[in-house]
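Trainee: Residue numbers (this note's numbering), protein chains in the order written: chain A, 1 to 330; chain D, 331 to 660. Just so you know, even glycine gets a beta-carbon here, dropped at the ideal spot from N, CA and C. All of these numbers come straight from a predicted model, not from anything done at the bench. I have a structure I would like to understand better, so I am pasting it below and will then ask my questions one at a time.
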DNA sequence: CGTTGACATGTAACCGGTTACATATATGAC
DNA sequence: GTCATATATGTAACCGGTTACATGTCAACG
């Protein structure tokens with residue numbers, strides 16, 4: 001029952017050949033006689049032979065695995081990104097080694113260290129790290145592709161086109177006749193939060209230079225969305241639109257407005273960013289980001305790089321699309 | 331720049347010791363003089379030494395990695411389960427190798443085959459496979475723990491206590507005075523769907539033997555929830571409560587009821603199962619399942635088993651809790 | 001017929017760790 | 001001082017693949 005698994009030498013003995021021939025068949029090399037190939041395959045079947053991955057990667061110095069380091073994401077995103085990555089990886093015969101990373105940069109370093117030597121390359125998503133911490137954490141000798149991470153001259157970087165997305169939504173809100181738009185920003189230190197609020201400022205200046213630009217800072221949670229709107233109301237600030245940096249905050253805002261009886265969208269429009277599944281059910285207008293697509297692209301690009309493609313490094317932006325639903329209608 | 335990474339022999343030379351001493355320090359063995367240990371650590375630091383994982387697993391026949399095979403889950407679940415697993419795995423020094431599996435049993439086999447030899451054990455979640463297909467797919471020589479999968483005498487199996495959860499909700503609905511409860515089931519072939527509808531039937535017979543038991547079959551999507559309720563209305567069926575087999579269907583049901591102007595909860599109560607994040611926002615009553623907890627338990631148990639614990643095999647049920655919100659209130 | 005080259009196969013070193021066993025040194029008992 | 005014992009370290013084989021190089025075979029060519 002518990003007999004040790006067959007090795008390449010067992011196969012060689014069984015087929016009456018040398019290990020080199022077995023290996024050649026295994027790797028599809030040329031210079032193998034068809035008869036020999038047939039004998040080898042028969043022997044492998046007979047013994048139920050499966051090559052030992054560790055031995056193989058020891059001698060080739062390749063693991064055919066890629067490490068994925070993700071932050072503690074909101075549920076919906078996590079699954080989507082991973083789904084896209086898994087798709088691309090399995091198409092190319094690679095496996096995914098997963099690790100979640102916590103905000104702390106020391107832990108980030110540790111997460112990547114563990115993978116060192118076990119993967120051929122890394123995919124890192126670290127919107128919460130500074131450029132320096134990130135540069136520190138990535139082992140210098142490992143190829144890596146970044147997703148939504150600070151700029152870095154030595155790695156390919158895939159990002160959401162936050163500017164484009166924000167522009168779409170601001171244009172949409174203005175087109176709906178909104179004049180007093182308040183932007184609820186994510187927590188400072190987060191890359192996307194920073195880009196989105198900067199883009200909001202820019203979009204307003206460009207599209208409606210006469211209108212006030214108002215930005216208040218939250219932390220991406222629904223609670224902060226609720227709190228910020230309560231605060232706006234308490235301050236007596238006038239506004240006819242809330243554009244939150246993500247859907248969760250937008251939902252919080254919606255909640256508060258409903259509670260106090262302010263009608264959406266007739267009196268105040270509400271918009272988010274991300275298009276989480278929930279958004280559709282609540283009729284929340286938002287900006288849709290194709291996270292699965294980003295995961296897929298990142299993996300493809302990394303594997304191309306591992307296998308010798310020399311496409312230049314770049315910072316590439318994935319364009320989001322506007323999803324106009326009830327909360328911004330009239 | 332591209333100098334090859336240091337090996338254990340480089341460290342030995344640098345420290346003026348033998349490879350055995352380095353290895354002993356590395357693995358925390360006894361019989362090492364403190365001075366020696368110090369010298370070794372210095373040498374390792376000086377050279378930036380990192381042990382080669384492939385070599386290590388070749389000689390120890392252990393990879394310190396576990397394979398995780400998940401179905402194409404709904405976004406929220408996926409992330410949660412993985413988060414729990416990652417937590418448990420990193421606490422014990424293991425890495426997670428991830429693969430998603432599609433409904434097809436042939437692909438399931440393939441997914442697990444790829445991991446063979448690269449992991450010490452497997453965690454499999456396969457609510458959509460038959461017991462036979464599953465038995466076929468799992469390599470016989472790999473320890474494995476199952477989650478929400480068909481019964482199997484040779485593996486530890488972690489399941490949601492669907493019966494307990496359904497019982498809680500049925501009791502809650504009856505306590506609220508509901509007399510005509512309709513259960514929207516998930517698609518046949520799915521284990522949880524089957525258990526939940528059987529449990530519904532049982533709960534009704536036990537708690538309210540005089541009331542009618544009505545079950546209609548959907549497929550876990552919100553669209554099917556919408557469709558089923560439309561159908562009920564078209565048929566003229568009387569009902570004062572909808573208990574869906576998952577939250578997505580419940581949301582669909584809610585949508586349809588709202589559209590046609592039937593008041594929730596005064597006229598009809600609506601309940602789901604899972605407690606996806608969205609449920610809270612919509613005030614949906616549901617049964618909460620701690621998926622992160624399940625993932626965590628599964629990994630702990632697998633590692634215990636790998637490291638020699640001999641706890642007996644079992645089928646363990648994780649108890650869900652009732653979350654009563656607005657849609658079942660009066 | 002001898003030489004050359006293409007093709008097929010085998011031999012053995014190597015990848016970088018772990019560890020059984022051998023050896024060396026210190027400690028203590030008698 | 002001798003021997004037993006505990007502790008510290010080194011030597012070399014081994015894990016299971018890959019592959020450079022050597023060897024062997026055969027056909028074609030001058």
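#1: I need the DSSP call for residue 223 (chain A), collapsed to helix, strand or coil.
#2: According to DSSP, simplified to helix, strand and coil, what is residue 52 (chain A)?
#3: In whole angstroms, give me the CA-to-CA distance for residue 52 (chain A) and residue 39 (chain A).
#4: Is there a Cβ of chain A sitting closer than 8 Å to that of residue 412 (chain D), yes or no?
#5: Roughly how many angstroms separate the alpha carbons of residue 30 (chain A) and residue 467 (chain D), rounded to a whole number?
#6: Any chance you could list the beta strand (DSSP E) runs of at least 3 consecutive residues sitting entirely within the segment 546-611 of chain D, in chain order?
#7: Anything in chain A within Cβ reach of residue 416 (chain D), meaning under 8 Å, just list it in chain order.
#8: On the three-state DSSP scale, how would you describe residue 312 (chain A)?
#9: Quick one: is residue 502 (chain D) near chain A, going by C-beta distance under 8 Å?
#10: Kindly list the residues whose CB is nearer than 8 Å to the CB of residue 188 (chain A), restricted to its own chain and excluding five residues on each side of it in sequence; keep chain order.
#11: In chain order, what residues of the same chain lie with their CB nearer than 8 Å to the CB of residue 585 (chain D), ignoring the 5 residues before and after it?
#12: According to a CB-to-CB cut-off of less than 8 Å, which residues of the segment 231-264 of chain A neighbour chain D?
#13: Would residue 317 (chain D) pass as a contact of residue 594 (chain D) if the rule is Cβ separation under 8 Å?
#14: Let me check understanding here. Comparing Cα to Cα, which of D:575, D:337 and D:418 lies closest to residue 631 (chain D)?
#15: Could you pull out every residue in the same chain whose Cβ sits closer than 6 Å to the Cβ of residue 463 (chain D), ignoring the five residues on either side in sequence?
#16: Ordered along the chain, which non-local residues of its own chain (more than five positions away) have a Cβ less than 7 Å from that of residue 1 (chain A)?
#17: Let me know if residue 364 (chain D) comes out buried or exposed under the rule of 16 or more other beta-carbons within 10 Å of its beta-carbon.
#18: Taking the C-alpha atoms as reference points, what is the distance between residue 351 (chain D) and residue 372 (chain D)?
#19: The segment 359-383 of chain D: which residues have C-beta closer than 9 Å to a C-beta of chain A, in chain order?
#20: Would you mind sorting residue 130 (chain A) into buried or exposed? The rule is 16 or more other CB atoms within 10 Å of its CB.
#21: Roughly how many angstroms lie between the CA atoms of residue 487 (chain D) and residue 357 (chain D), to the nearest whole one?
#22: Anyone know if the C-beta pair for residue 384 (chain D) and residue 97 (chain A) falls short of 8 Å?
#23: Taking the straight line between their C-alpha atoms, what separation do you get for residue 4 (chain A) and residue 10 (chain A)?
#24: Is residue 14 (chain A) helix, strand or coil by DSSP?
#25: Go ahead and pull the three-state DSSP assignment for residue 412 (chain D).
#26: Give the range of the alpha helix (DSSP H) segment to which residue 163 (chain A) is assigned.
#27: Rounded to a whole number of angstroms, what is the C-alpha to C-alpha distance between residue 311 (chain A) and residue 196 (chain A)?
#28: Could you pull out every residue in the same chain whose Cβ sits closer than 8 Å to the Cβ of residue 448 (chain D), ignoring the five residues on either side in sequence?
#29: If I follow the unbroken beta strand (DSSP E) through residue 444 (chain D), where does it start and stop?
#30: What are the start and end residues of the alpha helix (DSSP H) that includes residue 465 (chain D)?
#31: Hey, quick one: how far does the alpha helix (DSSP H) through residue 288 (chain A) stretch, first residue to last?
#32: Could you give the distance in angstroms between the alpha-carbon of residue 50 (chain A) and the alpha-carbon of residue 444 (chain D)?
#33: Among residues of its own chain, excluding the 5 on either side of residue 228 (chain A), which ones have a beta-carbon nearer than 6 Å to its beta-carbon?
#34: Using a Cβ cut-off of 8 Å (strictly closer), state whether residue 153 (chain A) contacts chain D.
#35: Using a beta-carbon distance cut-off of less than 8 Å, what residues from the segment 544-557 of chain D approach chain A?
#36: Helix or strand or just coil, what does DSSP make of residue 36 (chain A)?
Mentor: Checking against the coordinates, here is how it stands:
#1: Start at 1 with the first residue of the first chain, and residue 223 (chain A) comes out as number 223. Correct three-state label for residue 223 (chain A): helix.
#2: As a position in the first chain, residue 52 (chain A) is number 52, starting the count at 1. Coil, per DSSP.
#3: Against the first chain, residue 52 (chain A) aligns to sequence position 52. Against the first chain, residue 39 (chain A) aligns to sequence position 39. When rounded, the distance between both Cα atoms is 20 Å.
#4: Stepping through the second chain from its first residue, residue 412 (chain D) is reached at position 82. Closer than 8 Å to some Cβ of chain A, the Cβ of residue 412 (chain D) qualifies, so yes.
#5: Locating residue 30 (chain A) in the first chain gives position 30, where the first residue counts as 1. Locating residue 467 (chain D) in the second chain gives position 137, where the first residue counts as 1. In a straight line, the C-alpha of residue 30 (chain A) is about 33 Å away from that of residue 467 (chain D).
#6: Counting only runs of 3 or more, we get 571-574 and 599-601.
#7: The residue labelled residue 416 (chain D) in the question sits at position 86 within the second chain. Ordered by position in chain A, the residues that pass the 8 Å Cβ test against residue 416 (chain D) are 98, 99 and 100.
#8: Within the first chain, the letter at position 312 stands for residue 312 (chain A). Coil at residue 312 (chain A), not helix or strand.
#9: As a position in the second chain, residue 502 (chain D) is number 172, starting the count at 1. With 8 Å as the cut-off, residue 502 (chain D) does not count as an interface residue toward chain A.
#10: Residue mapping note: residue 188 (chain A) aligns to position 188 of the first chain, counting from 1. Hits under 8 Å: 194 and 217.
#11: Counting from one through the second chain, the residue named residue 585 (chain D) turns up at place 255. Here the set comprises 552, 555 and 556.
#12: Residues of the segment 231-264 of chain A with a C-beta atom less than 8 Å from some C-beta of chain D are 251 and 255, listed in chain order.
#13: It is not possible to answer for residue 317 (chain D), since the shown part of chain D is limited to 331 through 660.
#14: Locating residue 631 (chain D) in the second chain gives position 301, where the first residue counts as 1. Out of D:575, D:337 and D:418, D:418 has the C-alpha closest to the C-alpha of residue 631 (chain D).
#15: Within the second chain, numbered from 1, the residue matching residue 463 (chain D) stands at position 133. Contacts found: 435.
#16: On the first chain, residue 1 (chain A) is found 1 positions in, with the first residue counted as 1. Low confidence applies here, because residue 1 (chain A) scores a pLDDT of 48, under 50, leaving its location unreliable; read the following figure in that light. Here the set comprises nothing.
#17: Indexing the second chain from 1 puts residue 364 (chain D) at position 34. Answer is exposed; the Cβ neighbour count stays below 16.
#18: To locate residue 351 (chain D), count along the second chain from 1; it is residue 21. To locate residue 372 (chain D), count along the second chain from 1; it is residue 42. Roughly 13 Å between the two C-alpha positions.
#19: Of all residues in the segment 359-383 of chain D, 380, 381, 382 and 383 have a Cβ within less than 9 Å of some Cβ in chain A.
#20: On the first chain, position 130 is the one that residue 130 (chain A) refers to. Classification of residue 130 (chain A): exposed, given that the 10 Å Cβ count is below 16.
#21: Along the second chain, read from residue 1 onward, the residue named residue 487 (chain D) stands at position 157. Along the second chain, read from residue 1 onward, the residue named residue 357 (chain D) stands at position 27. Rounded to whole angstroms, residue 487 (chain D) to residue 357 (chain D) spans 33 Å at the Cα level.
#22: One-based indexing of the second chain puts residue 384 (chain D) at position 54. One-based indexing of the first chain puts residue 97 (chain A) at position 97. No, these two residues do not count as a Cβ contact at 8 Å.
#23: The residue you call residue 4 (chain A) lines up with position 4 of the first chain. The residue you call residue 10 (chain A) lines up with position 10 of the first chain. One alpha carbon belongs to residue 4 (chain A), the other to residue 10 (chain A), and they sit about 11 Å apart.
#24: Sequence index remark: in the first chain, residue 14 (chain A) carries index 14 (1-based). Residue 14 (chain A): helix per DSSP, three-state reduction.
#25: Working through the second chain from its first residue, we reach residue 412 (chain D) at position 82. In the displayed model, residue 412 (chain D) falls within a helix according to three-state DSSP.
#26: Position 163 of the first chain holds residue 163 (chain A). For residue 163 (chain A), the uninterrupted alpha helix (DSSP H) run begins and ends at 162-175, by DSSP.
#27: Locating residue 311 (chain A) in the first chain gives position 311, where the first residue counts as 1. Locating residue 196 (chain A) in the first chain gives position 196, where the first residue counts as 1. In this model, residue 311 (chain A) and residue 196 (chain A) are separated by some 29 Å (Cα to Cα).
#28: Walking along the second chain from the start, residue 448 (chain D) turns up at place 118. Cβ within range, chain order: 393, 395, 397 and 427.
#29: Sequence index remark: in the second chain, residue 444 (chain D) carries index 114 (1-based). The continuous stretches of beta strand (DSSP E) do not include residue 444 (chain D), which lies in the alpha helix (DSSP H) extending over residues 435-445.
#30: For the purposes of this step, residue 465 (chain D) is identified with residue 135 of the second chain, where counting begins at 1. Its alpha helix (DSSP H) spans residues 461-467.
#31: To locate residue 288 (chain A), count along the first chain from 1; it is residue 288. That residue, residue 288 (chain A), is in no alpha helix (DSSP H); its beta strand (DSSP E) goes 286-288.
#32: Here residue 50 (chain A) refers to the residue found at position 50 of the first chain. Here residue 444 (chain D) refers to the residue found at position 114 of the second chain. Cα-Cα distance, rounded: 10 Å.
#33: Locating residue 228 (chain A) in the first chain gives position 228, where the first residue counts as 1. Cβ neighbours of residue 228 (chain A) within its own chain (closer than 6 Å, five residues either side excluded): 184, 216 and 218.
#34: Position 153 of the first chain holds residue 153 (chain A). With 8 Å as the cut-off, residue 153 (chain A) does not count as an interface residue toward chain D.
#35: Residues 552.
#36: As a first step, residue 36 (chain A) is located in the first chain; it is residue number 36 there, counting from the start. Residue state, collapsed to three classes: helix.
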